[in-house]
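Have a look at the structure below before the remarks.
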Amino acid sequence: MDISSLLNPLNKAQREAAAAPPGHHLVLAGAGSGKTRVLVHRMAWLIRSQGIAPVNLLAVTFTNKAAGEMRGRIEELLETPVGGMWVGTFHGIAHRLLRAHWQEAQLPQDFQILDSEDQYRLIRRILQNLNLDESRWPPRQAQWFINSHKDKGLRPQHLEEGTNPHVRQQIRIYHDYQSHCERSGLVDFAELLLRAHELLRDHAHVLQHYQNRFTHVLVDEFQDTNAIQYAWLRLLAGHQGELFIVGDDDQSIYGWRGAQIENIQQLSRDFPAIRTLRLEQNYRSTGVILAAANAVIANNTERLGKNLWTESEDGEPIQIYQAFNERDEAHFITERIHAWKAQGGMGADTAVLYRSNAQSRIVEAALVEAGIPYRVHGGLRFFERAEIKDALAYLRLVTHQNDDSAFERIVNTPPRGIGERTLSQVREHARQAGVSLWQATVQLVAQQHLPGRSATALRHFHSLMERMATDIMGLSLPAQIESVLDHSGLLNHYRKDRGEKSQSRLDNLKELINAASQFKPEDPSLETLSEFLAHAALESGGTQAEGWEDCVQLMTLHAAKGLEFPLVFMIGMEEGLFPSPQSRNEPGRLEEERRLCYVGMTRAQRHLYLIYATRRWLYGSDSYPQPSRFLHEIPTELTSEQQPHIDIIHPGGAPQPTAPVSSIDGFRIGQRVNHPKFGEGVVLNLEGKDNQRRVQVNFIQGGAKWLVVIYANLQII
Ligand code: ATP
Ligand code: MG
């Protein structure tokens with residue numbers, strides 16, 4: 001492709017950005033204006049027109065998925081594979097630097113990555129060792145304390161002890177946690193970034209090498225960088241490197257995780273020569289969706305300000321649906337998706353977005369019931385499922401015997417008679433001798449100090465792990481995994497388990513072998529198993545997303561950043577859920593919630609549904625929330641509001657809050673019933689008690705209706 005046709009798919013402002021002359025550039029522009037597209041074209045243009053070698057480019061994106069797509073797009077534009085170009089997330093790139101320079105970074109060569117759940121478990125153990133009561137010292141709080149300081153580049157020794165006993169204790173926990181990680185060669189997510197930063201800062205020759213190599217550093221979604229990521233970028237860019245940064249202050253949604261929107265202003269102070277470019281035309285959404293999103297974000301005061309317009313047609317109004325409850329909300333979604341598919345729409349073009357992960361469950365249940373395939377991104381990621389983590393923990397312990405969190409996870413999974421008492425002895429021994437749990441096990445087994453039964457169980461575990469380590473030597477990665485699944489007893493354990501989840505667990509374990517067969521390490525010179533384990537820890541749902549089935553996409557609003565879908569549902573648009581309860585009295589947090597709403601709305605290309613329920617079963621109790629203030633911020637002429645066809649007679653006043661029930665008067669979900677007036681239908685929901693017992697029935701003619709059982713005269717057929 002020649003150079004002019006390379007820039008052809010861009011408008012004038014985009015072209016000026018993609019083909020800007022040498023120097024630092026900041027593209028500050030609203031959602032859907034083509035920032036990511038410009039960044040990709042910039043890279044292709046640098047390679048093709050400026051003769052920059054791909055190895056001289058470093059591109060940073062927000063998710064692994066985005067990184068993969070970016071590489072694919074560039075190769076498509078250049079019509080050739082580009083090797084040697086670094087495209088990844090901050091964490092992925094930091095990991096790569098640390099693997100390459102483990103000695104300078106003072107890490108063992110086979111250091112392991114601790115994901116947030118492992119980190120949590122480790123912190124709980126540290127608290128136990130310090131004899132701290134979890135109710136007074138919640139592990140999540142300690143986890144937050146540790147990570148937020150690491151994100152700011154602060155180690156325990158940098159923190160002022162001060163006089164506040166609470167802070168002093170947190171520093172002590174941080175300190176003990178960190179020494180444990182150092183001893184065991186464990187690196188948590190925040191540590192990846194911090195250490196990679198220290199590596200560059202403290203080793204002039206390493207920094208020099210990368211500064212010489214990366215003449216061009218490009219960053220997408222810059223508004224969500226934190227202090228340490230920014231410091232890292234500054235170091236890498238040095239005096240010669242050229243920055244090409246794209247971002248949108250209105251989409252900064254990770255403040256709660258330490259992202260600093262101020263980095264945008266800081267950039268202009270640190271690089272005074274930087275040119276700011278604007279893109280104003282939105283190509284993603286209809287006029288109505290864009291106008292509504294603009295109206296919502298206009299309520300924020302802390303904005304750099306921008307103009308966003310579109311040439312697209314207005315499209316249909318935004319549909320607001322007032323659901324009766326969360327099950328009606330879920331049912332409404334399945335109905336719409338059926339209709340969408342009936343008109344030839346794809347499930348994969350549909351996204352259901354929610355504020356909190358827990359909201360997915362009911363939607364999932366409704367989708368299953370309706371036979372609509374779906375995929376959950378984030379939260380329940382493949383590599384986070386318990387059985388997968390069990391399998392990986394075996395592999396981690398085999399390759400890295402000092403990995404205490406892996407040890408804890410599988411020492412008695414599947415159950416092999418190693419009880420809490422024995423484990424406490426192992427932990428105590430480890431603590432006193434300053435060794436890992438595995439070494440403690442080895443020593444205890446050798447000393448033969450344990451009572452009979454525990455000794456046998458522990459000895460058995462010890463020899464099992466030894467055998468496993470020899471068994472997998474020289475095998476291919478999928479064969480290694482297969483061997484571990486087999487010998488660990490995990491497969492058998494789930495085969496024997498009659499629980500409702502056991503089949504899907506077995507399927508997942510098999511899928512792990514598939515994932516291993518398809519795995520290609522980024523850097524072929526590194527050892528495959530360790531690379532695979534690192535990939536698993538860093539993975540953000542990629543394996544799920546690569547399935548062949550046409551799946552509806554479920555994810556949190558946060559996870560939807562940068563993506564787009566023709567049809568979008570935003571659910572739970574209620575005060576106390578979205579905006580979240582914590583943000584209501586804090587203006588700064590409320591603005592962040594509003595930005596999140598803006599991100600969600602601007603994911604929609606053609607159809608946007610905003611749903612709220614008038615009652616919701618939330619965190620174990622019934623509530624009657626108010627519609628979200630964000631709904632009121634949308635001009636009414638842009639919306640059209642619908643309500644369910646509820647046919648309820650309320651003898652004796654308003655309905656009472658009730659918990660979901662599984663059967664009423666012999667009616668069950670899924671049962672076929674007949675009504676004298678509405679005809680045949682299927683029971684969708686049941687709730688209430690006494691004379692307020694209600695069933696929701698989806699009638700073949702007339703759709704879903706709520707009926708009070710004692711008046712409805714329903715017949716089971
Ligand atoms: P976000 O802020 O959500 O990350 P963005 O600014 O990165 O959005 P892109 O994802 O790059 O925007 O682009 C939005 C959509 O508009 C994409 O489908 C993209 O292909 C399309 N698009 C961008 N520029 C043009 C153009 N000049 N002509 C046609 N389509 C375009
Ligand atoms: Mg983008």
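All the letters of the sequence shown, read from the start, carry residue numbers 1 to 717 under the UniProt record's numbering. Where is the CB? At the ideal position from N, CA and C, for every residue including glycine. Since the model is a prediction, treat every value here as computed from it, not as a measurement.
- Setting aside the 5 residues that flank it on each side, Arg234 is surrounded in the same chain by Asp270, each with a C-beta closer than 8 Å to its C-beta; the list follows chain order.
- Nearest C-alpha to Tyr230 among Ser252, Arg275, Asp151: Asp151.
- Ala94 places its beta carbon less than 7 Å from that of Leu193.
- Within 10 angstroms of the beta-carbon of Lys65 lie 16 or more other beta-carbons, which makes it buried.
- Here Leu308 is buried, its C-beta having at least 16 other C-beta atoms within 10 Å.
- Excluding sequence positions up to five before and after Leu367, its CB lies within less than 7 Å of the CB of Thr334, Tyr374, Val552, all in the same chain and listed in chain order.
- The residue among Leu304, Asp133, Ile337, Ile717 with its C-alpha nearest the C-alpha of Gly679 is Ile717.
- Between the C-alpha atoms of Gln112 and Leu130 there is a straight-line separation of about 24 Å.
- Annotation for Asp250: Ile297, Arg595, Tyr598 place their beta carbon closer than 6 Å to its own, counting only its chain and skipping 5 residues before and after.
- Relative to the non-hydrogen atoms of ligand 2, the Cβ of Lys65 never comes closer than 6 Å to any of them.
- By alpha-carbon distance to Ala712, the top candidate from Asn685, His675, Gly162 is His675.
- Between the alpha carbons of Asp403 and Gln170 lies a distance of about 24 Å.
- Counting along the chain, the unbroken beta strand (DSSP E) around Phe699 starts and ends at 694 to 699.
- Contact between Thr276 and Leu26 holds, since their C-beta atoms are separated by about 5 Å, short of 8 Å.
- In the three-state DSSP reduction, Met555 falls in the strand class (E or B).
- Leaving aside the five residues that flank Glu574 on each side, the residues in its chain whose CB is nearer than 8 Å to its CB run, in chain order, Tyr612, Ala613, Arg616, Pro625, Gln626, Pro627, Ser628.
- Between the region 148 to 163 and the region 106 to 123 there are fewer than three inter-stretch CB-CB distances shorter than 8 Å, so the stretches are not counted as touching.
- Within the model, the alpha-carbon separation for Glu191 versus Asp110 is close to 15 Å.
- Going by C-alpha positions, Arg421 is about 32 Å away from Glu482.
- Selection Gln223, Leu236, Asn212 evaluated against Gly258 yields Gln223 as nearest (Cα-Cα).
- With contact defined as three or more Cβ pairs closer than 8 Å, the region 312 to 328 and the region 339 to 354 are not in contact.
- Separation of Pro521 and Leu533 (C-alpha to C-alpha, rounded to the nearest whole angstrom) is 11 Å.
- Assignment of Ala704 by DSSP, reduced to helix, strand and coil, places it in the strand class.
- Rounded to the nearest whole angstrom, the CA to CA distance from Val288 to Met346 is 22 Å.
- Between the C-alpha atoms of Trp102 and Ser148 there is a straight-line separation of about 24 Å.
- DSSP lists Tyr321 as the bridge partner or partners of Gln642.
- Every beta strand (DSSP E) stretch that sits fully inside the region 578 to 631 and reaches 3 residues is listed by chain position as 604 to 613, 616 to 618, 621 to 623.
- Distances from the CB of Ala31 to the heavy atoms of ligand 1 include at least one below 6 Å.
- Take the alpha-carbon of Gly688 and the one of Val695: they are about 9 Å apart.
- Only residues of its own chain outside the window of five on either side were considered, and among them Leu308 have a CB closer than 7 Å to the CB of Asn294, listed in chain order.
- Comparing C-alpha distances from Ile173 to each of Ile146, Leu78, Thr163, His197 shows the shortest one belongs to Ile146.
- For Asp188, there is no enclosing alpha helix (DSSP H); the residue is part of the beta strand (DSSP E) that begins and ends at 186 to 188.
- CA-to-CA, the gap between Met570 and Gly88 works out to about 29 Å.
- When the beta-carbon positions are compared, Arg603 and Leu567 stay at least 7 Å from each other.
- If you look at Tyr230, you'll find it in the alpha helix (DSSP H) that goes 227 to 237.
- Short note on Asp151: C-beta not closer than 6 Å to any heavy atom of ligand 1.
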